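Encoded as structure tokens, the structure appears first; notes follow it.
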Amino acid sequence: MPRSIDLESGFCEKTPILQPSESRRRHRGIPARISFGILGCFGFFNVYTMRVNLSVAMVAMVGKRADAHAEGEHMACRELLPPFNSSDANSTAMAGQFDWDIETQAMILGAFFMGYVCTQIPGGILAEKYGAKWLFGIGLLITSIFTLLTPLAAEWGVPALVACRAIEGLGEGVTYPAMNVLIGRWIPKLERSRAVTIIFNGSAVGTVVSLFLSGYISSSDKLGGWPTVFYLFGCLGCVWFVLWVIFIYESPEVHPRISREELEYIRAGQDHVQSKRRGDIPWFSILTSCPVWALTVAHFGFNWGFYTLLTELPTYLSNILHFDLAQNGLLSALPYVCQAIFAFMASLVADSMRASGRFRVTTIRKLMNSIAFFVPCILVGLVAFVGCMSKLIMTLIVTSVAFSGFMFSGFNVTHVDMSPEFAGTLMGITNCIANLTGFLAPRYVGLIIKDGQTVHKWGIIFLTTSGMYFVTGMIYNLFASAELQPWGITSQAPSRETERRTVSQETQRKTPLSETKPKTPSEATECKAPVE
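FYI, in UniProt numbering the residues of the sequence shown are 1 to 532.
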């Protein structure tokens, strides 16, 4: 029987080594992990198109109610009315089909997250135990089906719409934990910041497309108005599911078309040697870990700011700055275009810093996280003091959200850094608690503005968000860690020598494969002395 080499000890084991098929050896198509990254990115594109479409569609569904802002001389930012209300083109759309007050709207917007938080922890456990590919795909399919049913549910009434959105949340609740499990299996550590940014940046792109198209379609009777928004994105989700099932596999080892070089590169770049039998989840160690709770607090604080702007910015732009529906969708989307660009730039810097070997992983994560939290803290806080200066307000908001994209290389990847084996469970825990903000933030906003929307009341909302960024960002910097935790693996962790080999492979991978001399079968199975 062929012998395989334990890279940690240098000793041989009598275990069969993988003998790739001839087609696998010759395969020179798109690398399998790149295909995974692309479809993962489009998966989160769909996750967010279906999550945020209601934020803009709600403006068309309800329109401007008489109680939305103070009337007469007390109306907020009266000087902004003439440029944006000189046309009656959108008068029908802005009249609204449903008579929902601010609190009802907040309940509907928050219903998604009532379901979303319920499947976070179970999603992580199921993904680690039974497989993440199908869990991620079916979860998104459920959301797609109920997105298609949203217009019908709205016609049936508020309870039906709330139930529909809650079920959509149940489906999407498994997506982040499942994806973290897949990332731990598919992405080498030196590519982790870039891969996580590209995959999760699908959410930013989805937000941009959803906000822009939702505003445009909802304002157009020719395109069917707001119901078309839900039909469009629901159908896209169903198409994506078919592609995901066909092209994605649970792990590199079971992928039939992955090349031998890529498989070896992925294996060498893992934080641990995967064991056939997964260990039990170390619940006590996780729940008593200070870095885990620091990570959870950071996740909560970021989501508070994220969902405050994501769900309530269209309302602010409509009722305070008086943008029409089409402009509202475009301006609501603009911050997330910049976020995607900044996030990718940050990921390149983070991976370069890690590959250099001069910085600890924790240092890199805290640096990126500080930019993602403290720059928005300052900029969002300033919005509360600039009154009705719409251009300056939009500049501050866009820049704030752009810099928040650094979090993709900050706390958002720390789950996999701390424990590749239990990354799904960790994401389930932190995402469950963090997404309580999905209905707490809209409820808080509704409580502040329920008696009328004014610049002062919105200033309170922006200052609250600024304070949340500051406090939670400081807690992460003081107590978080991105190092592999003692409880983070149940199999043997790689030595420093193995990590150096990974860096060397990264360099070699950049040269044409034709220039790399293949090893002979005898060289592949040769036993070498252990590295001291």
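Glycine included, C-beta positions come from ideal geometry on N, C-alpha and C. Bear in mind the structure is a predicted one, so any value in this text is a computation, not a measurement.
Start-to-end residues for the alpha helix (DSSP H) that takes in residue 165: Taken as a continuous stretch (DSSP letters only), the alpha helix (DSSP H) holding residue 165 covers 158-172.
For residue 204, three-class secondary structure by DSSP: helix
Straight-line gap, residue 367 to residue 483 (C-alpha atoms, nearest Å): Those two C-alpha atoms are separated by around 15 Å.
Proximity winner among 183, 108, 124, relative to residue 58 (alpha-carbon distances): 108
Span of the alpha helix (DSSP H) around residue 299: 290-319
Residue environment, residue 139, which counts as buried when at least 16 other CB atoms sit within 10 Å: Counting Cβ neighbours within 10 Å, residue 139 comes out buried, since at least 16 surround it.
Residue closest to residue 183, alpha-carbon to alpha-carbon, out of 419, 429, 487: Closest in alpha carbon position to residue 183, among 419, 429, 487, is 419.
Touching by the beta-carbon criterion (3+ pairs, under 8 Å), the segment 37-48 and the segment 170-179: yes
Pairwise C-alpha distance: residue 328 and residue 464: 23 Å
contact_flag[the segment 411-429, the segment 186-200] where n(CB pairs < 8 Å) is 3 or more: yes
Contact set for residue 98: own chain, Cβ-Cβ below 8 Å, skip 5 residues either direction: 61, 62, 154
Identity of the residue in 264, 407, 132, 229 nearest residue 250 by Cα: Looking at the Cα atoms, 132 is the closest of the given residues.
Where residue 23 falls, given that 16 or more other Cβ within 10 Å makes a residue buried: Its pLDDT being 45, under 50, residue 23 is placed unreliably by the model, and nothing is read from it.
6 Å Cβ shell around residue 228 - same chain, five flanking residues per side excluded: 217
Alpha helix (DSSP H) segment containing residue 110, residue limits: 102-116
Separation of residue 365 from residue 2, as counted between CA atoms: Low per-residue confidence applies at residue 2: pLDDT is 43, beneath 50, and the placement is therefore not dependable, though the value from the model is reported in the following sentence. Straight-line Cα distance between these residues: approximately 42 Å.
Same chain, Cβ closer than 7 Å to residue 330, neighbours up to 5 away in sequence not counted: 212, 215.
Residue 92 versus residue 398: straight-line alpha-carbon distance, rounded: Residue placement at residue 92 is poorly supported in this model, since its pLDDT is 41, which falls under 50; the coordinates still yield a value, given next. About 30 Å.
Residue from 223, 433, 352, 253 whose Cα sits closest to the Cα of residue 32: 253
Rounded C-alpha distance that separates residue 481 from residue 354: 15 Å
Whole-angstrom distance between residue 443 and residue 351, CA atom to CA atom: 39 Å
Cβ pair residue 231, residue 148 closer than 9 Å: yes
Buried or exposed (CB count within 10 angstroms, at least 16 for buried), residue 338: Counting of Cβ neighbours within 10 angstroms places residue 338 among the buried residues, the total reaching 16 or more.
First through last residue of the alpha helix (DSSP H) which encompasses residue 147: 133-148
Alpha-carbon spacing of residue 160 relative to residue 118, whole angstroms: 19 Å
Buried or exposed (CB count within 10 angstroms, at least 16 for buried), residue 324: buried
Residue 339 (DSSP reduced to helix, strand or coil): helix
Helix, strand or coil at residue 257 [DSSP, three-state]: coil
C-alpha distance - residue 187 paired with residue 387, whole-angstrom precision: Distance between the alpha carbons of residue 187 and residue 387 is about 46 Å.
Cα-Cα separation, residue 302 to residue 389: 26 Å
Buried versus exposed, by CB contacts within 10 Å (16 or more), residue 78: exposed
Inter-residue Cα distance where the pair is residue 400 and residue 222: A straight line joining the alpha-carbon of residue 400 with that of residue 222 spans about 35 Å.
DSSP state of residue 223 mapped onto helix, strand, coil: Three-state DSSP puts residue 223 in coil, outside helix and strand.
Beta-carbon proximity of residue 374 to residue 307, cut-off 9 Å: No, the pair does not count as a contact, with Cβ atoms beyond the cut-off.
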